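**Q**
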Amino acid sequence: MNDTRHDPRQQEVRVAVDDLERFMGEALTRAGADAASSAAVTRALVTASRMGTDSHGLRLLPHYIRALEGGRIKGAPEMHFTRRLPATGVLDAGDGFGHLAGYTAMAHVVEMADEVGMGAVAVGHSSHFGAAGCYALAAAERGMIGLAFCNSDPFVLLHQGLSPFHGTNPIAFAAPVEGQSPYLLDMATSSVPWNRVQQYGAIGRELPDQVAADAEGRVTRVPAEVSALLPLGGSDFGFKGAGLGGMVEVLSSTLSGMLNGFRLLPMGGPDMATPRGVGHFFLALNPAAFVDGATFAAGLAEYLADLRAQPAVDGAEVLAPGDREWRYLAQRDAEGIPLDSANQVAYATLAKTLDVRPLRHLA
Numbered sequence: 006m007n008d009t010r011h012d013p014r015q016q017e018v019r020v021a022v023d024d025l026e027r028f029m030g031e032a033l034t035r036a037g038a039d040a041a042s043s044a045a046v047t048r049a050l051v052t053a054s055r056m057g058t059d060s061h062g063l064r065l066l067p068h069y070i071r072a073l074e075g076g077r078i079k080g081a082p083e084m085h086f087t088r089r090l091p092a093t094g095v096l097d098a099g100d101g102f103g104h105l106a107g108y109t110a111m112a113h114v115v116e117m118a119d120e121v122g123m124g125a126v127a128v129g130h131s132s133h134f135g136a137a138g139c140y141a142l143a144a145a146e147r148g149m150i151g152l153a154f155c156n157s158d159p160f161v162l163l164h165q166g167l168s169p170f171h172g173t174n175p176i177a178f179a180a181p182v183e184g185q186s187p188y189l190l191d192m193a194t195s196s197v198p199w200n201r202v203q204q205y206g207a208i209g210r211e212l213p214d215q216v217a218a219d220a221e222g223r224v225t226r227v228p229a230e231v232s233a234l235l236p237l238g239g240s241d242f243g244f245k246g247a248g249l250g251g252m253v254e255v256l257s258s259t260l261s262g263m264l265n266g267f268r269l270l271p272m273g274g275p276d277m278a279t280p281r282g283v284g285h286f287f288l289a290l291n292p293a294a295f296v297d298g299a300t301f302a303a304g305l306a307e308y309l310a311d312l313r314a315q316p317a318v319d320g321a322e323v324l325a326p327g328d329r330e331w332r333y334l335a336q337r338d339a340e341g342i343p344l345d346s347a348n349q350v351a352y353a354t355l356a357k358t359l360d361v362r363p364l365r366h367l368a
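This note's numbering applies: residue 6 is where the sequence shown begins, and numbers increase by one.
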């Protein structure tokens, strides 16, 4: 999942995982979400924040509440799944939460992979689903290799382009590792996710270099000046990120029959009443369909051991995808999940307007 480190200069408080889950569930229910939707959104947001990806975790709850109350997202959607071939299917998400669509689609994908070796589901009429890694991880937790993709409205320049075209269009990949936490890659095809810009702006933090541009296409590090994100690879090698973003677009919108991201309504509004029709794509591979289980487990363990044993530059450490996230998870489960100053205000406001018991700050 994408790195979202905190600025130690900002005043933070910490909250327990179970209290955050309680608050989210109550807030979503009060705003009109049914039990399945509330559980799915809470699961995805808390998973992301436990792993240190706050840009796609707890900070998104106020936005989802606005979309739910405005009618953009249906709190009790009528989803319909059609299995078209032994290993393929389509899920109509009924304009509900993307998190419910994602976990539901991945459950169908895993079921097909268990039966015929692989499974793929295209999802249409959905909405923002948070961190893509949550759904790839759901497959790995069932012993499968999982992939998740999603399109979004335009935030990202094409290579040498002047106007945003692709969304951040994430790619997530997870694989089960025997006796260890899964291998987990979750990356935007932009240099950073758009939520990172918003988060850094909220806490007054400067962006890294080569990740965002102003309205004239000039690289900027000031969140308030950002008009678009740069594709992965920055101003010199952005053709790579732009190409990957296009691949995700085809899988997410074209296979699901949805509008491409360039034509979607903006995630941030102002229209919070019209469903956006976001598309997703999920794929699962059953390792047993390709190699016996012991060989797969030994090969992946050997690969990861070799990777982590490689020499690093001074003061650094070589990590496998997911290592950072599992460290964050262990720390935050023990010490609590941090809320920066902006999120403290946002959650206090939700507690008051929705009549939900406020979060309890840990000492």
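In this text, a Cβ means the ideal position worked out from N, Cα and C, and glycines have one as well. It should be emphasised that the depicted structure is a prediction, and the values quoted were computed from it without experimental measurement.
Within its chain, find whatever has a CB closer than 8 Å to the CB of T354; leave out the 5 residues flanking it on each side and keep chain order.
**A** P67.
**Q** Per the contact definition of three or more C-beta pairs closer than 8 Å, is the region 57 to 65 in contact with the region 98 to 115?
**A** Because the criterion of three Cβ pairs below 8 Å is not met, the region 98 to 115 and the region 57 to 65 do not touch.
**Q** Could you give the residue range of the alpha helix (DSSP H) that holds F301?
**A** It spans G298 to R313 - the alpha helix (DSSP H) in which F301 sits, taken as one unbroken run.
**Q** For R201, is the classification buried or exposed, using 16 other Cβ atoms within 10 angstroms of its Cβ as the cut-off for buried?
**A** So R201 ends up on the buried side.
**Q** Could one say the Cβ of V253 lies closer than 8 Å to chain B's Cβ atoms, at least one of them?
**A** This model lacks chain B altogether; it includes just one protein chain.
**Q** Just to confirm my understanding: we take F134, look at its own chain, exclude 5 residues before and 5 after, and list those with CB closer than 8 Å. What are they?
**A** A49, F102, G103, H104, A106, G107, Y140, C155, V283 and H285, listed in sequence order.
**Q** Of the choices A81, R19, V18 and G75, whose alpha-carbon is the least far from that of V46?
**A** Measuring from the Cα of V46, the nearest candidate turns out to be A81.
**Q** Could you name the residues of the same chain whose beta carbon sits closer than 8 Å to that of F160, not counting the 5 residues immediately before and after it, in chain order?
**A** These residues qualify, in order along the chain: P169, H171, G172, T173, S195, W199, A233 and L234.
**Q** Return the CA-CA distance between D23 and G222, expressed in angstroms with no decimal places.
**A** Going from the Cα of D23 to the Cα of G222 covers about 44 Å.
**Q** Hey, how far is the Cα of L189 from the Cα of R55?
**A** C-alpha separation (whole angstroms): 14 Å.
**Q** With respect to the alpha helix (DSSP H) encompassing V227, which residues constitute its N-terminal and C-terminal limits?
**A** Where V227 is concerned, there is no enclosing alpha helix (DSSP H), given that its DSSP letter is neither H nor E.
**Q** Considering only the alpha carbon of each residue, which of G76, L309 and Y333 lies closest to L324?
**A** The candidate whose alpha carbon is nearest that of L324 is L309.
**Q** What does the Cβ neighbour count give for V255, buried or exposed, with the cut at 16 atoms within 10 Å?
**A** Exposed, by the Cβ-count rule.
**Q** How should R89 be labelled, buried or exposed, when 16 other C-beta atoms within 10 angstroms of its C-beta is the threshold for buried?
**A** Under this definition R89 is an exposed residue.
**Q** Return yes when the Cβ of F86 is within less than 8 Å of the Cβ of V361, no when it is not.
**A** Contact: no.
**Q** Can you name the residues that DSSP bridges to I176?
**A** In DSSP, I176 forms a bridge with F154 and M192.
**Q** Taking just the CA atoms, how far does R71 sit from N348?
**A** Computed Cα separation, rounded: 15 Å.
**Q** Would A32 and L359 qualify as a contact pair, given that the criterion is a beta-carbon distance under 8 Å?
**A** Taking 8 Å as the Cβ cut-off, A32 and L359 qualify as a contacting pair.
**Q** Taking the alpha-carbon of D119 as reference, which of G148, S132, H130 and L96 has the nearest alpha-carbon?
**A** Selected option, being the one with the closest Cα: G148.
**Q** Which ranges does the alpha helix (DSSP H) cover as unbroken runs of at least 4 residues, wholly within the region 43 to 103, from first to last along the chain?
**A** Counting only runs of 4 or more, we get 66 to 75.
**Q** What separation, rounded to the nearest whole angstrom, lies between the Cα atoms of A110 and A36?
**A** Approximately 24 Å between the Cα atoms of the pair.
**Q** Helix, strand or coil for M111 per DSSP?
**A** Looking at M111 - three-state DSSP - the assignment turns out to be helix.
**Q** Please report the residue range of the alpha helix (DSSP H) in which V18 lies.
**A** That residue, V18, is in no alpha helix (DSSP H); its beta strand (DSSP E) goes V18 to V20.
**Q** Please report the residue range of the beta strand (DSSP E) in which F396 lies.
**A** Residue 396 lies beyond the range of the chain shown here (6 to 368); nothing can be said about it.
**Q** Could you work out which residue in G250, G274 and L142 is closest to N265 when comparing CA atoms only?
**A** Cα-wise, what sits closest to N265 is G250.
**Q** Just to check my reading of the structure: L260 and G246 have Cβ atoms closer than 8 Å, yes? What is that Cβ distance to the nearest angstrom?
**A** Going by Cβ atoms, the distance from L260 to G246 rounds to 21 Å, so no, they are not a contact pair.
**Q** Output the distance between the C-alpha atoms of Q215 and E83, rounded to the nearest integer angstrom.
**A** The straight-line gap from Cα to Cα measures roughly 42 Å.
**Q** Hey, out of T58, G298 and D241, whose CA is closest to A137's CA?
**A** It is T58 whose Cα lies nearest to the Cα of A137.
**Q** Taking the beta strand (DSSP E) that S258 falls in, what are its first and last residues?
**A** Element bounds for S258: n/a, residue is neither H nor E.
**Q** If you check the beta carbons only, do L367 and G341 fall under 8 Å apart?
**A** Against a cut-off of 8 Å, the Cβ pair of G341 and L367 comes out as a contact.
**Q** How many Å lie between L167 and E116 at the Cα?
**A** Cα to Cα, the separation comes out at about 44 Å.
**Q** Under 8 Å, do F123 and L290 count as touching if we go by C-beta distance?
**A** Inspection of the sequence shows that residue 123 is occupied by Met rather than by Phe. Their beta carbons are under 8 Å apart, which means M123 touches L290 by this criterion.
**Q** If I measure Cβ to Cβ from A356 and keep anything under 6 Å in the same chain, skipping five residues before and after, which residues do I get?
**A** Same-chain partners within the cutoff: P363.
**Q** So, at 7 Å on beta carbons, what are the nonlocal neighbours of A229 in its own chain, with the 5 sequence-adjacent residues on each side left out?
**A** Here the set comprises G206.
**Q** With a 10 Å radius around its C-beta and 16 neighbouring C-beta atoms as the bar for buried, classify E211 as buried or exposed.
**A** By the neighbour-count rule (16 or more Cβ atoms within 10 Å), E211 is not buried but exposed.
**Q** Find out if the Cβ-Cβ distance for the pair V20, L344 is shorter than 8 Å.
**A** Yes, these two residues count as a Cβ contact at 8 Å.
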